[in-house]
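Below is one structure, written out as structure tokens; comments come after it.
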Amino acid sequence: MSQPLSKQNLRFASSSGRVLPYGRQSISEADIAAVVDVLRSDWLTTGPAVPVFEERIAAFSGARYGVAVSSGTAALHAAVYAIGIGPGDEVIVPPITFAATANAVVFQGGTPVFADVDPETLLLDPAAVEAAITPRTRAIIAVDYAGQPCDYAALRDIAQRHGLALIADACHSLGARYSGQPVGSLADLTVFSFHPVKHITTGEGGMIVTGSATYRNRMASFRNHGIDSDHRQRAERGSWFYEVQDLGYNYRITDFQCALGLSQLSRLPEWLEGRHRIAATYSAAFEGNPFIAPLEVRSDVFHAWHLYVTRIDFASLRISRAAAFSRFREQGIGVNVHYVPVHLHPYYRRRWGTAPGLCPVAEAAYEELLSLPIFPGMTGADSERVISAVLGLTERYIP
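Sequential numbering from 4 applies to the sequence shown in the numbering used here.
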């Protein structure tokens with residue numbers, strides 16, 4: 004017989020103070036109250052909170068429509084579906100991303116084609132994208148790695164010249180801007196994630212924003228088993244009537260998740276400021292250190308700082324990354340690595356024949372990557388603790 008949940012047996016979910024994670028959610032009493040209000044209502048799912056959340060995120064990100072779904076992965080899948088990717092179609096993706104970016108292409112029967120990244124930002128390199136285009140290419144998925152928008156002017160130019168769709172994987176960049184324009188207004192479709200370590204959370208959840216009513220309608224049907232959502236038809240033929248127009252999935256999000264997201268969204272500007280303060284503190288501390296190289300930030304962007312990624316010269320420091328990782332963990336610093344290049348994962352090597360050497364810039368960078376803690380709940384003392392641990396790796400080399 005299972006035990007009822009209690010504060011005692013949920014202690015694992017609370018912050019013990021022993022380990023500083025690389026990211027975590029911030030939940031307020033207002034968030035809890037918003038969720039409880041929905042739980043006490045008649046609508047737990049497919050209710051009024053969902054379209055309100057969609058409208059608010061779309062407006063915030065400079066788009067006309069939003070489609071809320073159950074995860075960032077579901078959002079990527081819906082976006083790839085919306086543009087009509089199928090067997091034989093190629094979609095260009097970067098290797099430095101979570102596997103879901105490429106997996107979404109595979110889900111639809113397409114072929115992910117990996118284009119290398121810029122060595123300073125680790126964002127998709129427009130020149131590599133241009134070189135990867137073939138007669139079978141149908142789309143580009145640009146990943147705003149760590150929270151920095153890609154070079155959308157260059158990518159849009161490439162997409163327009165070759166007749167390609169452009170999807171922005173902005174799961175790291177809610178609230179970011181490129182040349183003054185909000186992320187959400189820069190591509191044909193833009194995907195967000197609301198996982199607990201992201202800028203706002205719904206527990207799990209995601210959204211696609213777009214300026215296209217056609218894309219919006221396709222994705223709204225796709226998240227609900229491919230069911231036609233034409234309410235006029237239901238009114239004419241009976242409220243029980245529905246039609247499955249295409250293969251779809253249950254990618255619906257709940258109303259209480261959307262209520263949490265709406266409450267969180269009100270604090271996003273404050274949280275972005277906090278992330279900027281932490282990033283600035285780190286960058287100032289590491290400036291001039293020959294062994295620590297934070298990623299370059301372009302002058303024409305407002306960075307959302309989902310991650311603070313450094314390249315550390317472990318070889319010159321004569322310490323393996325695994326040993327450094329363990330050392331940080333022993334000090335209660337929850338560093339992480341983002342990401343193992345997707346084309347090096349066993350599945351992709353077996354299925355698509357990818358191998359080391361395909362994306363040399365990404366592969367070289369991967370050997371040096373380390374993500375440091377950054378989230379709104381961090382204190383100044385937390386930041387200094389992280390800085391001390393990182394500089395501790397180099398202290399015997401720098402007087």
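Ideal Cβ placement from N, Cα and C applies to all residues, glycine included.
Burial state of Pro54 is exposed, judged by a 10 Å Cβ sphere holding fewer than 16 other Cβ atoms.
Judged by beta-carbon spacing, Asp172 lies within the 8 Å limit of Asp147, meaning their Cβ atoms are closer than that value.
Contact annotation, Met210 with Glu57: C-beta distance approximately 7 Å; criterion of less than 8 Å satisfied. In the displayed model, Glu387 falls within a helix according to three-state DSSP. Excluding the 5 residues flanking it on each side, Leu250 has same chain C-beta neighbours closer than 8 Å at Gly229, in chain order. Taking the Cα of Ala36 as reference, the smallest distance to any Cα among Ser266, Ala168, Ala85 is reached at Ser266.
Contact annotation, Ile170 with Asp191: C-beta distance approximately 7 Å; criterion of less than 8 Å satisfied. Secondary structure within the region 156–234: the beta strand (DSSP E) runs of 3 or more consecutive residues, fully enclosed, are 168–172, 192–196, 209–213 (chain order). Gly356 is the residue among Gly356, Ile30, Glu398 whose C-alpha sits nearest the C-alpha of Phe117. Within the same chain, Cβ atoms closer than 6 Å to the Cβ of Gly69 are found at Glu57, Ile60, Ala61, Met210, Val212, the five residues on either side in sequence being excluded. Within the same chain, Cβ atoms closer than 6 Å to the Cβ of Ser196 are found at Gly75, Cys174, Gly209, the five residues on either side in sequence being excluded. Apart from the 5 residues on each side of it in sequence, Arg27 sits with its Cβ closer than 8 Å to the Cβ of Ser18, Pro199, Val200, Phe378, Gly380 in its chain, given in chain order. Classified as exposed, Gly360 has fewer than 16 neighbouring CB atoms from the shown chains inside 10 Å of its CB. Taking 8 Å as the upper bound for CB-CB distance, Leu167 and Ala145 are not in contact here, some 11 Å apart. The C-alpha of Gly112 lies about 15 Å from the C-alpha of Val96. The three-state reading of DSSP puts Pro129 in helix, counting H, G and I together. With three or more CB-CB distances shorter than 8 Å, the region 366–378 counts as touching the region 276–296.
Here Gly178 has His202, Leu271, Leu275, Ala307 as same chain residues with Cβ atoms under 7 Å from its own Cβ, once five neighbours each way along the sequence are excluded. At the C-beta level, Gly206 and Leu263 come within 8 Å of one another.
Per DSSP, the beta-bridge partners of Tyr68 are Thr213.
Excluding the 5 residues flanking it on each side, Thr48 has same chain C-beta neighbours closer than 7 Å at Arg255, Thr257, Asp258, in chain order. Distances from the alpha-carbon of Ser386 to those of Gly277, Asn339, Ile322 put Gly277 closest. C-alpha of Tyr181 to C-alpha of Pro152: approximately 6 Å in a straight line. In the three-state scheme derived from DSSP, where H, G and I count as helix and E and B as strand, Val343 is classed as coil.
The three-state reading of DSSP puts Ala118 in coil, since its state is none of H, G, I, E or B.
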